[in-house]
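Chains as they are written, first to last, in our numbering: chain A, 1 to 170; chain B, 171 to 340.
Working notes for the structure below.
2 protein chains.
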Amino acid sequence: MTRLPRAENTPPADPVGFETHDHRTCISAATKAAETQCKAEGLRFTPVRRKALEILLQEHRALGAYEMLDRLRDAGFGSQPPVAYRALEFLVTHGFAHKIERLNAFIACAHPGASHAPAFMICRECHSVAEAQSTRDTLGDAARSAGFRIERTVLEAEGLCPACTETADT
Amino acid sequence: MTRLPRAENTPPADPVGFETHDHRTCISAATKAAETQCKAEGLRFTPVRRKALEILLQEHRALGAYEMLDRLRDAGFGSQPPVAYRALEFLVTHGFAHKIERLNAFIACAHPGASHAPAFMICRECHSVAEAQSTRDTLGDAARSAGFRIERTVLEAEGLCPACTETADT
DNA sequence: TCTCTCCATGTGATTTTATAACAATACGGA
DNA sequence: TCCGTATTGTTATAAAATCACATGGAGAGA
Chain A
1 MTRLPRAENT
11 PPADPVGFET
21 HDHRTCISAA
31 TKAAETQCKA
41 EGLRFTPVRR
51 KALEILLQEH
61 RALGAYEMLD
71 RLRDAGFGSQ
81 PPVAYRALEF
91 LVTHGFAHKI
101 ERLNAFIACA
111 HPGASHAPAF
121 MICRECHSVA
131 EAQSTRDTLG
141 DAARSAGFRI
151 ERTVLEAEGL
161 CPACTETADT
Chain B
171 MTRLPRAENT
181 PPADPVGFET
191 HDHRTCISAA
201 TKAAETQCKA
211 EGLRFTPVRR
221 KALEILLQEH
231 RALGAYEMLD
241 RLRDAGFGSQ
251 PPVAYRALEF
261 LVTHGFAHKI
271 ERLNAFIACA
281 HPGASHAPAF
291 MICRECHSVA
301 EAQSTRDTLG
311 DAARSAGFRI
321 ERTVLEAEGL
331 CPACTETADT
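Structure below.
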């Protein structure tokens, strides 16, 4: 894939898993998958929502709501914040994307369809984000004994990605 | 996400651990402990910082920065946002408090001194927050194999606290 | 097909959360 | 005591998110 020009603090082109990855095809594949799931669940995969997902997949990094808004405007959609927030809310609600609370930013889900207790590794230096499968249930016992009913769990680990670790070490 | 208005939705008086707990004494105890730690580490436990910690301990819930600002102003400190943000940053940096990203709010640490990989249970209904010890290292393997160097980890579980579960069930 | 209803979209305005920048002051070590 | 640095207070502004309301389009049922 062609590496797009990078602005000030933009992560390396392909930070998912911090490894090289060809996603020429995965955009259309993931979009298709979302479309299928929406059809199955009776959800409306409207143009803005589709475009928003495509943008997230394209960028392949955590995108702020206002960055999303810019791109949606460029694509001919409305130019006010709710446009972006609504599309993103839809994607997050239905598991096509995640919000990285730490960054106030959104990223396409890297494991669509999988049971969702996502875990993220966030580089404090370049802001790249990797999504891991968080299989083990760290909090189950504590929750049970407290009588707390867990509905959703997000784990955000902050640190240094491989690339920035190298830079820091040298 | 639905964000209910704060006022109509104030957590029960004593939400830490979702259980009754007498903290008449624990405020002064925790403050004292912080003072000791600061002395040991050569940190300046100034009046604003002390007051901010006392407020968090007093409230015993997650407090927004601007709520904190109100209380600090009432206590005779400056009235501009940086006053609150700086005090909170100090407390968070040194482990006396945590930021709940999900709520953009801050809460006194419930396990001061303990090794810090805090885990929170956040009630989506009343916004009460409980802090658990997150002992197990859920992400270690994934991080190691990715070459990611974890520095800090926060786990935020959203759901229903015991009180709100009851209400919902009835 | 028509129409009714619901959901989605577009827009303007506002609220909430967070930082930048800089002057004045207090602290602690030489 | 003097000096450098951290801390505080303040003004101003940026960034993130929501409210409120008008308009439009898709799909269900008559």
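Here a beta-carbon is modelled for each residue, glycine too, at the ideal position from N, C-alpha and C.
Quiz item: Based on the DSSP secondary-structure assignment, which residues constitute the bridge partners of Leu330 (chain B)?
Solution: Here residue 330 (chain B) corresponds to residue number 160 of the second sequence, with the count starting at 1. The partner list for Leu330 (chain B) (beta bridge, DSSP) reads A:Arg149.
Quiz item: With Phe290 (chain B) and Leu325 (chain B) assumed to form a contact (beta carbons below 8 Å), what rounded beta-carbon distance in angstroms separates them?
Solution: Within the second sequence, the letter at position 120 stands for residue 290 (chain B). Within the second sequence, the letter at position 155 stands for residue 325 (chain B). Yes, they are in contact, since the Cβ atoms of Phe290 (chain B) and Leu325 (chain B) sit about 7 Å apart, within 8 Å.
Practice problem: Could you spell out the range, first to last residue, of the beta strand (DSSP E) harbouring Pro118 (chain A)? | Solution: The residue given as residue 118 (chain A) occupies position 118 in the first sequence. Start and end: Pro118 to Cys123.
Quiz item: Out of B:Ala302, B:Ala245, B:Gly246 and B:Gln250, which has the shortest C-alpha to C-alpha gap to Ser145 (chain A)?
Solution: The residue given as residue 145 (chain A) occupies position 145 in the first sequence. Selected option, being the one with the closest Cα: B:Ala302.
Practice problem: Return yes when the Cβ of Arg102 (chain A) is within less than 7 Å of the Cβ of Glu328 (chain B), no when it is not. | Solution: Here the question's residue 328 (chain B) lines up with position 158 in the second sequence. Here the question's residue 102 (chain A) lines up with position 102 in the first sequence. Against a cut-off of 7 Å, the Cβ pair of Arg102 (chain A) and Glu328 (chain B) comes out as no contact.
Practice problem: Determine, using beta carbons only, whether Ala257 (chain B) and Ala235 (chain B) come nearer to each other than 7 Å. | Solution: Walking along the second sequence from the start, residue 257 (chain B) turns up at place 87. Walking along the second sequence from the start, residue 235 (chain B) turns up at place 65. Taking 7 Å as the Cβ cut-off, Ala257 (chain B) and Ala235 (chain B) do not qualify as a contacting pair.
Self-check item: Proximal residues to Ala62 (chain A) (C-beta, below 7 Å), its chain only, five neighbours per side dropped
Solution: Numbered from its first residue, the first sequence carries residue 62 (chain A) at position 62. Correct list, in chain order: Ile100, Leu103, Ala105, Phe106, Ile107, His127 and Val129.
Exercise. Consider the Cβ of Cys331 (chain B): report whether some Cβ of chain A lies at a distance smaller than 7 Å.
Key: For this step, residue 331 (chain B) is matched to residue 161 along the second sequence. Yes - at least one Cβ of chain A is within 7 Å of the one on Cys331 (chain B).
Practice problem: Ignoring anything shorter than 4 residues or poking outside the segment 65–108 of chain A, list the alpha helix (DSSP H) runs there in chain order. | Solution: 65–74 and 81–93
Exercise. Could you spell out where the alpha helix (DSSP H) holding Ala40 (chain A) opens and where it closes?
Key: What you label residue 40 (chain A) is simply residue 40 of the first sequence in a count that begins at 1. Residues Cys26 to Glu41.
Quiz item: Name the residues in the segment 263–292 of chain B whose C-beta lies less than 8 Å from a C-beta of chain A; which are they?
Solution: Glu271, Arg272, Ala289 and Met291
Quiz item: What residue does the beta strand (DSSP E) around Ala300 (chain B) start on, and which one ends it?
Solution: Your numbering for residue 300 (chain B) matches position 130 in the second sequence. Start and end: Val299 to Gln303.
Quiz prompt | Beta bridge counterpart(s) of Val154 (chain A) as assigned by DSSP | solution = Walking along the first sequence from the start, residue 154 (chain A) turns up at place 154. Answer is B:Glu326.
Quiz item: Under the rule that 16 or more other beta-carbon atoms within 10 Å means buried, what is Lys51 (chain A), buried or exposed?
Solution: What you label residue 51 (chain A) is simply residue 51 of the first sequence in a count that begins at 1. Answer is buried; the Cβ neighbour count reaches 16.
Quiz item: So which residues of chain B does Val154 (chain A) contact, with C-beta pairs closer than 7 Å?
Solution: The sequence position of residue 154 (chain A) within the first sequence is 154, counting from 1. Simply Glu326.
Practice problem: Could you work out which residues of chain A lie near Ile225 (chain B), taking near to mean beta carbons separated by less than 8 Å? | Solution: What you label residue 225 (chain B) is simply residue 55 of the second sequence in a count that begins at 1. By Cβ distance, chain A contributes nothing, its closest Cβ being about 23 Å from Ile225 (chain B), past 8 Å.
Quiz prompt | Paired residues, beta bridge with Leu233 (chain B) - DSSP | solution = Along the second sequence, read from residue 1 onward, the residue named residue 233 (chain B) stands at position 63. Bridge partners of Leu233 (chain B): B:Phe276.
Quiz item: In chain B, what lies closer than 8 Å to Thr46 (chain A) by C-beta?
Solution: On the first sequence, position 46 is the one that residue 46 (chain A) refers to. In chain order: nothing, as chain B lies at least about 20 Å away.
Quiz item: Which value, in whole angstroms, describes the spacing of the CA atoms of His111 (chain A) and Thr263 (chain B)?
Solution: Walking along the first sequence from the start, residue 111 (chain A) turns up at place 111. Walking along the second sequence from the start, residue 263 (chain B) turns up at place 93. Whole-angstrom Cα-Cα distance: 33 Å.
Quiz item: Under a Cβ-count criterion, where at least 16 other Cβ atoms within 10 Å of its own Cβ denotes burial, should Glu211 (chain B) be classed as buried or exposed?
Solution: The residue given as residue 211 (chain B) occupies position 41 in the second sequence. Exposed, because fewer than 16 other Cβ atoms sit within 10 Å of the Cβ of Glu211 (chain B).
Exercise. Starting from the Cα of Ala312 (chain B), find the closest Cα among A:Ala142, A:Leu139, A:Ile122 and A:Asp141 and give me that residue.
Key: As a position in the second sequence, residue 312 (chain B) is number 142, starting the count at 1. Selected option, being the one with the closest Cα: A:Ile122.
Self-check item: Helix, strand or coil at Arg214 (chain B) according to DSSP, with G and I counted as helix
Solution: By 1-based counting over the second sequence, the position of residue 214 (chain B) is 44. Of the three classes helix, strand and coil, the one that applies to Arg214 (chain B) here is coil, per DSSP.
Quiz prompt | Three-state secondary structure (DSSP) of Thr138 (chain A) | solution = Locating residue 138 (chain A) in the first sequence gives position 138, counting from the first residue. Coil.
Quiz item: Would you call the CB atoms of Arg71 (chain A) and Thr335 (chain B) closer than 7 Å?
Solution: Position 71 of the first sequence, counted from the start, is the residue given in the question as residue 71 (chain A). Position 165 of the second sequence, counted from the start, is the residue given in the question as residue 335 (chain B). Taking 7 Å as the Cβ cut-off, Arg71 (chain A) and Thr335 (chain B) do not qualify as a contacting pair.
Quiz item: Measuring CA to CA, which of B:Leu223, B:Met238, B:Ser249 and B:Thr195 is closest to Leu261 (chain B)?
Solution: If you number the second sequence from 1, residue 261 (chain B) lands on position 91. Among B:Leu223, B:Met238, B:Ser249 and B:Thr195, the Cα nearest to that of Leu261 (chain B) is on B:Leu223.
Quiz item: Applying a beta-carbon distance threshold of less than 9 Å, which residues of chain B neighbour Glu151 (chain A)?
Solution: Within the first sequence, residue 151 (chain A) is the residue found at index 151, counting from 1. Near Glu151 (chain A) (Cβ distances below 9 Å), the residues of chain B are Arg294, Ala327, Glu328, Gly329 and Leu330.
Quiz item: For the candidate residues B:Gly248, B:Ala267 and B:Arg243, whose alpha-carbon lies nearest to that of Thr201 (chain B)?
Solution: As a working mapping, residue 201 (chain B) is identified with position 31 in the second sequence. Here the closest residue by C-alpha is B:Ala267.
Quiz item: Exposed or buried, which one is Arg24 (chain A) when buried takes at least 16 other CB atoms within 10 Å?
Solution: The count along the first sequence starts at 1 and reaches residue 24 (chain A) at position 24. Label assigned to Arg24 (chain A): exposed.
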